[in-house]
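Chemist:
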Amino acid sequence: MAIVRVLEGSGSALAFAQGGADHGSAMQLLSVIAQALSQEGVGMYLTRRNCEAASRLWLEMLRLTLAGSASPSHPQIYFLSDQSVAAVMQRYPEDAHWHRNTALLRLAKLVPWGKWRALREALMARDKQMAAFADSHGPFLHLVALGCAPAFRGCGLGSMLLDRLCRIADQQQREIYTECSSDAARKWLKKSGFFELLCHSVRPHAPVIYVLVRRPAPLEQHGNGGGGVGGSSGSATEQAKVQRPSASVRTR
1 MAIVRVLEGS
11 GSALAFAQGG
21 ADHGSAMQLL
31 SVIAQALSQE
41 GVGMYLTRRN
51 CEAASRLWLE
61 MLRLTLAGSA
71 SPSHPQIYFL
81 SDQSVAAVMQ
91 RYPEDAHWHR
101 NTALLRLAKL
111 VPWGKWRALR
121 EALMARDKQM
131 AAFADSHGPF
141 LHLVALGCAP
151 AFRGCGLGSM
161 LLDRLCRIAD
171 QQQREIYTEC
181 SSDAARKWLK
191 KSGFFELLCH
201 SVRPHAPVIY
211 VLVRRPAPLE
221 QHGNGGGGVG
231 GSSGSATEQA
241 KVQRPSASVR
251 TR
């Protein structure tokens with residue numbers, strides 16, 4: 001049974017559903033993310049530069065990520081009310097029940113055999129790095145993916161959603177851990193208050209995978225309105241509010 005609540009704050013409504021009662025709308029939101037990441041470096045590498053195959057790969061990976069958490073303690077899908085931009089973020093380790101071997105069997109049909117081995121190594125490396133980070137720093141929030149629909153790119157909506165995710169992390173006093181494999185995403189995350197923890201590659205000619213982390217702002221700063229992401233993201237958020245005044249942040 002889904003639990004739906006509405007919280008008021010920062011001038012916009014933050015509504016969330018726990019458990020994902022509407023499978024169809026959840027898949028639609030995951031499709032927005034998958035399409036946005038279809039030209040992302042690692043996805044293109046694993047599918048030999050096939051955008052449609054990369055989108056299917058991302059969609060299945062996100063679905064399997066959520067499927068591993070049948071009874072999440074907190075929302076895992078966050079999105080603007082018009083579904084122009086969405087993100088998947090989990091509490092680690094509470095809601096991260098990813099079954100890697102089962103997932104790899106399902107993903108085998110989506111990538112060529114040679115690339116499947118690279119995918120396996122990438123997922124193994126990610127799981128080990130996240131476990132090591134949790135051992136050193138304690139529980140954190142894992143930003144699995146964030147994507148914006150093509151028609152709304154460049155409007156600051158991604159920054160608007162990321163800003164709210166950072167506020168959630170500040171309220172919970174947890175770090176946000178994420179990965180990317182493009183210079184554009186890396187620069188954007190750094191401007192939003194993330195720092196680069198490490199980088200690696202599963203093959204000599206494969207794209208570099210960057211691991212980035214954002215530390216939570218002190219609670220007293222959040223209480224004074226300074227708990228959002230740093231750098232230029234504040235102006236991007238204001239720009240998004242002007243361009244899309246009807247958009248509120250929601251979670252599922």
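All the letters of the sequence shown, read from the start, carry residue numbers 1 to 252 under the UniProt record's numbering.
Where is the CB? At the ideal position from N, CA and C, for every residue including glycine.
Fair warning: this is a prediction, and the values are worked out from it, not measured in the lab.
Tell me, please, which residues DSSP counts as bridged to Ile176.
Modeler: For Ile176, which the question treats as bridged, DSSP gives the partners Leu141, Arg214.
Chemist: Measure the alpha-carbon distance for Ser38 versus Arg49 and round it to whole angstroms.
Modeler: Distance between the alpha carbons of Ser38 and Arg49: 9 Å.
Chemist: Quick check: the Cα distance between Gln83 and Cys166, rounded to an integer number of angstroms?
Modeler: So the two alpha carbons sit approximately 19 Å from each other.
Chemist: Cα separation between Pro216 and Thr178?
Modeler: In a straight line, the C-alpha of Pro216 is about 14 Å away from that of Thr178.
Chemist: Using only alpha-carbon positions, find the residue among Ser181, Leu212, Val202 that is nearest to Ser192.
Modeler: Residue Leu212 is the option with its Cα nearest to Ser192.
Chemist: Whose C-beta lies closer than 7 Å to the C-beta of Phe195 among residues of the same chain, with five residues either side of it excluded?
Modeler: So the list reads Leu212, Val213, once near-sequence residues are dropped.
Chemist: Does the beta-carbon distance from His23 to Tyr92 come in below 8 Å?
Modeler: No.
Chemist: Helix or strand or just coil, what does DSSP make of Gln171?
Modeler: Helix.
Chemist: Of the choices Val144, Glu220, Tyr210, Leu161, whose alpha-carbon is the least far from that of Gln173?
Modeler: Answer by Cα proximity: Glu220.
Chemist: Ends of the alpha helix (DSSP H) at Gln90?
Modeler: No alpha helix (DSSP H) contains Gln90, which is instead part of the beta strand (DSSP E) from 85-92.
Chemist: Out of Arg63, Leu104, Ser25, Ala36, point me to the one whose CA is closest to Cys180's CA.
Modeler: Checked all of Arg63, Leu104, Ser25, Ala36; the closest Cα to Cys180 is Ala36.
Chemist: What runs of the beta strand (DSSP E), each 3 residues or longer, lie entirely inside the segment 19-86?
Modeler: Fully enclosed beta strand (DSSP E) runs of 3 or longer: 77-80.
Chemist: Give the straight-line distance between the Cα atoms of Ala34 and Ala131, rounded to the nearest whole angstrom.
Modeler: Rounded to whole angstroms, Ala34 to Ala131 spans 25 Å at the Cα level.
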